[in-house]
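As structure tokens, the structure follows; a few thoughts come after it.
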Amino acid sequence: MSIARAHSNIALIKYWGKRHEVLKLPTNGSLSLTLDALYTDTRVSYRADLTQDQLVLNGAPAPEAMRLRVSRFLDLLRQTHGYSAYAEVVSANSFPTGAGLASSASAFAALTLAATAAAGLQLSPRQLSQLARQGSGSACRSIFGGFAEWLPGTADADASSYAEGLKTELPVWMAVLVLNQGHKATGSGDGMARTVATSPLYSVWPATASADLQALKAALAAGDLAAVGELMEHNALAMHATALAARPPVIYWQPETLALIQHVQQLRSAGHACWFTIDAGPNIKVLLPAGAEATLQALRSHPAVQQVFCCSTGPAAHLNPAEPLV
Ligand code: 2P0
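Read in our numbering, the sequence shown has 195 at position 144, and its numbers run on one by one without any break.
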């Protein structure tokens with residue numbers, strides 16, 4: 052039996068589009084920040100008496116589609132490493148479900164570490180990252196703490212695509228603003244697949260993302276938070292522009308999303324250092340200097356903000372977490 056904790060991550064340069072659906076090989080490289088406050092704890096026990104894998108999520112049996120996705124991923128581990136027992140998987144998130152924060156990144160990173168450790172395997176972070184990627188692309192970045200870059204790799208070579216931790220340390224907070232919202236978004240996998248298949252703007256995305264990634268790495272290395280923030284905003288808006296032009300369109304924004312974009316821009320005009328990013332849903336994530344309490348308070352005060360998770364840089368995925376949730 053093994054218990055692992057993995058923290059969720061937010062991309063500053065987005066993963067948007069696969070060149071290989073099954074292996075989850077991305078079209079472009081991406082770069083993320085791992086967050087301390089949002090994490091998944093997962094316990095895996097292989098049991099000879101089971102006739103199929105079991106999945107308990109936040110204290111209740113998981114929906115069948117989710118159990119099957121986890122079971123297919125465990126099949127991959129069993130095939131790769133030559134064992135056959137089914138597993139009891141018990142998983143819980145540090146954040147409430149249903150708030151639009153459900154993150155497959157922390158879930159599959161924690162599952163990869165717990166499932167391989169429970170099988171007696173000791174894999175390197177790179178091997179774990181490569182495996183986690185096949186559970187959910189963004190999970191490969193959650194193996195690492197701090198800033199992580201996901202290398203897109205070459206051709207159809209599974210072993211060539213994994214994340215690496217960056218040496219850079221920049222004292223930042225990421226404030227996750229959960230907005231009042233009515234509609235459920237299109238899943239990120241479906242959203243990116245439809246964008247790749249139908250958006251006339253997608254053809255410019257790989258070069259845009261690659262240029263943004265190189266510039267952002269240079270800004271990080273220089274410790275230039277304003278440049279990091281501007282590049283992050285630009286990249287998020289470029290990603291959403293490709294999605295908006297899909298057929299049918301992939302629209303993740305709610306009216307409150309745009310209201311918060313404008314709120315961040317207005318705060319910046321008033322002298323607050325803060326920059327937004329948006330993923331496959333309506334919530335806004337804001338990058339700000341660590342300790343900027345007044346900016347955090349100003350962000351929180353907007354009437355569309357339902358809940359705020361203020362996150363510092365989080366650690367790498369690890370075994371035997373303190374006070375496990377499972
Ligand atoms: C990212 N997203 O880089 C981008 C930005 C959403 C928008 O990674 O299909 O759940 O399982 O590989 O990892 C979400 O995508 O997708 C994601 P799959 P995943 O964070």
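C-beta: ideal position from N, C-alpha, C; glycine also.
Quiz item: So which residues touch the region around the ligand 2P0, with touch meaning a C-beta under 5 Å from any heavy atom?
Solution: Ala-62, Lys-65, Tyr-66, Lys-75, Ser-81, Ser-155, Ser-187, Gly-188, Ser-189, Ser-239, Gly-240, Asp-330 and Ala-331
Exercise. Grab the span of the beta strand (DSSP E) containing Phe-198 for me, first residue to last.
Key: As a working mapping, residue 198 is identified with position 147 in the sequence shown. Counting along the chain, Phe-198 sits inside the beta strand (DSSP E) bounded by residues 198-201.
Quiz prompt | Residue span of the alpha helix (DSSP H) that contains Asp-275, given as start and end | solution = On the sequence shown, residue 275 is found 224 positions in, with the first residue counted as 1. Here Asp-275 belongs to no alpha helix (DSSP H), and DSSP marks it neither H nor E.
Quiz item: Since Arg-319 is in the alpha helix (DSSP H), which residue starts that stretch and which ends it?
Solution: The sequence position of residue 319 within the sequence shown is 268, counting from 1. Unbroken alpha helix (DSSP H) run through Arg-319: 306-320.
Practice problem: Provide the residue span of the alpha helix (DSSP H) that contains Gln-130, from first to last. | Solution: Numbered from its first residue, the sequence shown carries residue 130 at position 79. Element bounds for Gln-130: 115-132.
Self-check item: Per DSSP, cross-strand counterpart(s) of Leu-84
Solution: For the purposes of this step, residue 84 is identified with residue 33 of the sequence shown, where counting begins at 1. Answer is Ile-61 and Phe-198, bridged to Leu-84.
Self-check item: Whole-angstrom distance between Leu-338 and Phe-327, CA atom to CA atom
Solution: The count along the sequence shown starts at 1 and reaches residue 327 at position 276. The count along the sequence shown starts at 1 and reaches residue 338 at position 287. Taking the straight line joining both Cα atoms gives about 6 Å.
Self-check item: Euclidean distance between Cα positions of Leu-271 and Ala-341
Solution: Here the question's residue 271 lines up with position 220 in the sequence shown. Here the question's residue 341 lines up with position 290 in the sequence shown. C-alpha separation (whole angstroms): 15 Å.
Quiz item: Going along the chain, which residues of its own chain have a beta-carbon closer than 6 Å to the beta-carbon of Thr-364, five neighbours each way excluded?
Solution: As a working mapping, residue 364 is identified with position 313 in the sequence shown. Answer for Thr-364: Gly-197, listed in chain order.
Quiz item: Arg-98: which of Ile-329, Ser-53, His-323 and Leu-217 sits nearest, CA to CA?
Solution: The residue labelled residue 98 in the question sits at position 47 within the sequence shown. Arg-98 has its Cα closest to that of Ser-53, out of Ile-329, Ser-53, His-323 and Leu-217.
Quiz item: Roughly how many angstroms lie between the CA atoms of Met-243 and Thr-259, to the nearest whole one?
Solution: The sequence position of residue 243 within the sequence shown is 192, counting from 1. The sequence position of residue 259 within the sequence shown is 208, counting from 1. The straight-line gap from Cα to Cα measures roughly 16 Å.
Self-check item: Extent of the continuous beta strand (DSSP E) run through Ser-180
Solution: Numbered from its first residue, the sequence shown carries residue 180 at position 129. That residue, Ser-180, is in no beta strand (DSSP E); its alpha helix (DSSP H) goes 176-186.
Self-check item: Sequence-distant residues of the same chain with beta carbon closer than 6 Å to Pro-257, five excluded per side
Solution: If you number the sequence shown from 1, residue 257 lands on position 206. Excluding residues within five positions, the ones whose Cβ falls inside 6 Å are Thr-78 and Asn-79.
Quiz item: Is the number of C-beta pairs between the segment 271-284 and the segment 206-225 that are closer than 8 Å three or more?
Solution: Remark: three or more beta-carbon pairs, one from each stretch, lie closer than 8 Å, so the segment 271-284 and the segment 206-225 are flagged as touching.
Quiz item: Say the cut is 7 Å; is the CB of Leu-108 nearer than that to a heavy atom of the ligand MG?
Solution: The ligand MG is absent from the structure shown, which contains only the ligand 2P0.
Practice problem: Over the uninterrupted beta strand (DSSP E) stretch that includes Thr-4, give me the two end residues. | Solution: The chain is shown from 52 up to 377; residue 4 falls before or after that span and cannot be answered.
Practice problem: Thinking Ala-368 and Leu-164 are a contact (beta carbons under 8 Å), I'd like their distance in whole angstroms, please. | Solution: In the sequence shown, counting from the first residue as 1, residue 368 sits at position 317. In the sequence shown, counting from the first residue as 1, residue 164 sits at position 113. Their Cβ separation, rounded to whole angstroms, is 5 Å, which keeps Ala-368 and Leu-164 in contact under 8 Å.
Quiz item: Looking at Val-73 and Ala-166, is the spacing between their C-beta atoms short of 8 Å?
Solution: Counting from 1 along the sequence shown, the entry for residue 166 is found at position 115. Counting from 1 along the sequence shown, the entry for residue 73 is found at position 22. Result no, Cβ atoms of Ala-166 and Val-73 do not sit closer than 8 Å.
Quiz prompt | Candidates Ala-57, Gln-348 and Trp-67, of which the one nearest Leu-288 by Cα | solution = Within the sequence shown, residue 288 is the residue found at index 237, counting from 1. Among Ala-57, Gln-348 and Trp-67, the Cα nearest to that of Leu-288 is on Trp-67.
Quiz item: What span of residues does the beta strand (DSSP E) with Gly-242 cover, start to end?
Solution: As a first step, residue 242 is located in the sequence shown; it is residue number 191 there, counting from the start. Not the beta strand (DSSP E): Gly-242 falls in the alpha helix (DSSP H), residues 239-249.
Quiz item: Would you say Thr-393 and Val-140 are within 8 Å of each other, going by their C-beta atoms?
Solution: In the structure as shown, the chain starts at 52 and stops at 377, and residue 393 therefore has no counterpart that could be examined.
Quiz item: From Ser-187 to Thr-293, what distance separates their C-alpha atoms?
Solution: Within the sequence shown, numbered from 1, the residue matching residue 187 stands at position 136. Within the sequence shown, numbered from 1, the residue matching residue 293 stands at position 242. Between Ser-187 and Thr-293, the C-alpha separation is close to 21 Å.
Quiz item: Which value, in whole angstroms, describes the spacing of the CA atoms of Glu-115 and Arg-129?
Solution: In the sequence shown, counting from the first residue as 1, residue 115 sits at position 64. In the sequence shown, counting from the first residue as 1, residue 129 sits at position 78. Taking the straight line joining both Cα atoms gives about 20 Å.
Quiz prompt | Spatial neighbours of Ala-158 in its chain, beta-carbon cut-off 6 Å, leaving aside the 5 residues before and after | solution = Residue numbering aside, residue 158 sits at position 107 when the sequence shown is read from its first letter. Answer for Ala-158: Thr-91, listed in chain order.
Exercise. Answer yes or no: do Ala-84 and Asn-60 have a C-beta to C-beta separation smaller than 8 Å?
Key: Mapped onto the sequence shown, residue 84 falls at position 33. Mapped onto the sequence shown, residue 60 falls at position 9. The sequence shown places Leu at residue 84, rather than the Ala named in the question. Yes, the pair counts as a contact, with Cβ atoms nearer than the cut-off.
Quiz item: Helix, strand or coil for His-71 per DSSP?
Solution: Within the sequence shown, numbered from 1, the residue matching residue 71 stands at position 20. If DSSP states are grouped into helix, strand and coil, His-71 belongs with the strands.
Quiz item: For Leu-172, which option in Ala-190, Trp-201 and Tyr-134 has the closest C-alpha, if you only look at C-alpha atoms?
Solution: Counted from its first residue, the sequence shown places residue 172 at position 121. Out of Ala-190, Trp-201 and Tyr-134, Tyr-134 has the C-alpha closest to the C-alpha of Leu-172.
Quiz item: From Gln-305 to Val-121, what does the alpha carbon distance come to, in whole angstroms?
Solution: Against the sequence shown, residue 305 aligns to sequence position 254. Against the sequence shown, residue 121 aligns to sequence position 70. Computed Cα separation, rounded: 31 Å.
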